[in-house]
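A.B. asks: If you scroll down you'll find the structure; I have some questions about it.
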Amino acid sequence: NFRPVSNLPFVGKVVEKVVALQLQRALNETDYLDPFQSGFRPGYSTETALVALTDDLWRARDRGYSSILVLLDLSAAFDTIDHGILLRRLGEVGVGGTVFRWSSSYLSDRSQSVLVGGQRSTPRRLECGMPQGSVLSPL
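Per this note's numbering, the sequence shown runs over residues 79 to 217.
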């Protein structure tokens with residue numbers, strides 16, 4: 079299972095970083111993210127998530143409850159994000175104006191091709207997924 083790495087231009091990466099900071103601020107200001115969301119957030123880590131989980135399990139045990147922990151690994155999660163749904167959710171959390179238009183443009187008319195042994199495949203249009211290597215992908 080190989081996932082392509084996007085070859086993004088330098089200026090595009092700078093714009094991505096600016097948009098990522100604005101999106102992160104909007105998500106934090108609207109309390110859209112779960113307080114225990116640890117992935118890809120400054121000041122949070124796997125360790126903080128595990129401490130919170132362990133604390134919850136011990137608290138339940140102290141109250142006489144039994145607990146079951148179910149862990150899911152969403153395979154290829156970044157590859158299956160529907161662009162239309164993502165844009166709708168961005169609008170729901172208050173992202174609008176230039177940032178919304180840029181995000182829509184960023185996700186539109188993307189294509190990919192594969193280069194193997196000097197032979198390039200026919201480009202295929204991408205209808206879902208986020209570019210690997212982009213700072214926006216985890217958001």
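Beta carbons: idealized from backbone N, C-alpha and C, even for Gly.
Do you know how far the Cα of Glu-170 is from the Cα of Pro-120?
C.D. replies: Spanning the two alpha carbons is a distance of roughly 23 Å.
A.B. asks: Tell me, which residues are paired with Asp-160 by DSSP?
C.D. replies: DSSP lists Cys-206 as partners of Asp-160.
A.B. asks: What does the alpha-carbon distance come out to for the pair Thr-176 and Thr-132?
C.D. replies: If you take the alpha carbons of Thr-176 and Thr-132, they lie about 42 Å apart.
A.B. asks: Taking C-alpha atoms, which residue in Gly-174, Asp-140, Leu-185, Ser-144 lies nearest to Gly-162?
C.D. replies: When each option's Cα is compared against that of Gly-162, the closest is Leu-185.
A.B. asks: Would you mind reading off the limits of the alpha helix (DSSP H) that contains Ser-183?
C.D. replies: Note, Ser-183: alpha helix (DSSP H), 175-185.
A.B. asks: When burial is assigned at 16 or more other CB atoms within 10 Å of the CB, is Leu-168 buried or exposed?
C.D. replies: Per the 10 Å Cβ criterion, buried.
A.B. asks: For Cys-206, I'd like the list of residues in its chain whose CB is within less than 7 Å of its CB, leaving aside the five on either flank, ordered along the chain.
C.D. replies: Here the set comprises Thr-158, Ile-159, Asp-160, His-161.
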